[in-house]
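J.: Here you go, one structure.
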Amino acid sequence: MPPAFMACGSTVLRWPTAGDYCKKRRLRVSCSPNLPHDARTAACASAVVEVTNACLEIIASAIHMNLFKESHMRATTIGSFLVCAAAVAASAAGQAPPPAPAATRTVVASTKLPTLGDTPVHFKAVSVTIPSGASSSVSSSNGILYQLSGSTVVSIGGDIKTLSPGEGLFVASGNAAALKAGDGAPSTFLHFLLAAPADLDKPLEAQPAVVHELYRTAAPLPALKPGRYDLNLTRVSFPPEMASNPPHHRSGAALYYIISGTGANTVAGTLETRAPGSLIYEPFGLVHQWGNPGAVPLTFLAFNINPEGVAAVLPGAPTKSQ
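Quick note on the working numbering: the sequence shown kicks off at 2 and runs consecutively.
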């Protein structure tokens, strides 16, 4: 950068500059050539001091201005960065995909069994159809009814309840239940039972009801220690294309019934698809997974028994203490 300068007559005095502020002003002081040499030298020296002071003031002012500008620019830059970062974050948050829908669970009917485990019990499931407007009755082991279509008026003692599709009711062992199909359409429902071996072949719903056995366990439910148990029927729905859940097992046992959709059931590394109407038995200790590879929701029922105070589903394989 060229230096600023001043001239005294024919003499040009130069000094370095710290910036272009002095240069831009091209500070020049002329000393009269008519003055004596000594006077002219003194005048030039005085002019040099004056111009130097002026230049220093300009430089100081420039430095202050630069610092202010830099500070302002830095603050502005940081502020702009923060605003932009916030905007980007907000935009990213706005564009982030929503969380995948979770499975939903609805307890249809439930009860507590004060004593269980002293004698063997089995799972059994039947479908029952009662003609429109017709009546039937049933007295059986502990069980839960689940209405599939039509409607059923259930009377137990002085209690009356009408079951519509998707609703259920617990019927205790030894209780006689009167059943009447609604008018306009046959009544079709499922009857899940927890039955002793001696009761497996006993008649269930009386004529004109039509009863079809769907499933019974080949052996009693394993690992049921004497104590109190929860018995329930739960409806579960998996959203479309839901990945298989982590490996888990039942603390008691469960019997599944697929209502709609297609399930992916994995046991010991082998995956099987389960179509509507399928029944799947899960005894204690069976490590398994469920998922929904289909484009429509998977909905199924779980007729479940578990020890009171213990979760129905536990992660991984059973521990030795179980």
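Here a beta-carbon is modelled for each residue, glycine too, at the ideal position from N, C-alpha and C.
Just to confirm, is the Cβ distance from residue 223 to residue 317 under 8 Å?
T.: No, they are not a contact pair.
J.: Bridge partners of residue 218, per DSSP?
T.: Looking at the DSSP assignment, residue 218 forms no beta bridge with any residue, so it has no partner.
J.: Please report the straight-line C-alpha distance between residue 155 and residue 161, rounded to a whole angstrom.
T.: 6 Å
J.: Can you list, in chain order, the residues of its chain with a C-beta nearer than 8 Å to that of residue 252? Leave out the 5 residues immediately preceding and following it.
T.: 285, 307, 308, 311, 312, 313, 314, 315 and 323
J.: What does DSSP give as the partner residue(s) for residue 319 in the beta ladder?
T.: Beta-bridge pairing links residue 319 to no other residue.
J.: Give me the Cβ distance between residue 282 and residue 256, rounded to the nearest whole Å; I'm assuming they're in contact under 8 Å.
T.: 6 Å
J.: What is the C-beta distance between residue 196 and residue 123, in whole angstroms, given that I count them as a contact (C-beta under 8 Å)?
T.: 5 Å
J.: Select from 141, 173 and 274 the residue whose C-alpha is nearest the C-alpha of residue 293.
T.: 274
J.: Thinking C-beta only, is residue 266 closer than 8 Å to residue 108?
T.: no
J.: Residues in the same chain with beta-carbon distance under 6 Å from residue 117, minus the five sequence neighbours each way, listed in chain order, please.
T.: 230
J.: Using only the alpha-carbon positions, how far apart do residue 203 and residue 189 sit?
T.: 20 Å
J.: Mind checking which residues open and close the beta strand (DSSP E) that includes residue 325?
T.: This structure does not reach residue 325, given that the chain is present from 2 up to 323, and the question cannot be answered.
J.: What does DSSP give as the partner residues of residue 106 in its beta bridges?
T.: In the DSSP output, where bridge partners are listed per residue, residue 106 has 237.
J.: On the CB-based measure, 16 or more other CB atoms within 10 Å of its CB, does residue 22 come out buried or exposed?
T.: Residue confidence for residue 22 is low, a pLDDT of 40 falling below 50, so the modelled location carries little weight; the figure read from the coordinates is stated next. So residue 22 ends up on the buried side.
J.: Please classify residue 208 as buried or exposed, where buried requires at least 16 other C-beta atoms within 10 Å of its C-beta.
T.: exposed
J.: Taking the C-alpha atoms as reference points, what is the distance between residue 264 and residue 113?
T.: 29 Å
J.: Taking the CB atoms as reference points, tell me whether residue 130 and residue 210 lie closer together than 8 Å.
T.: yes
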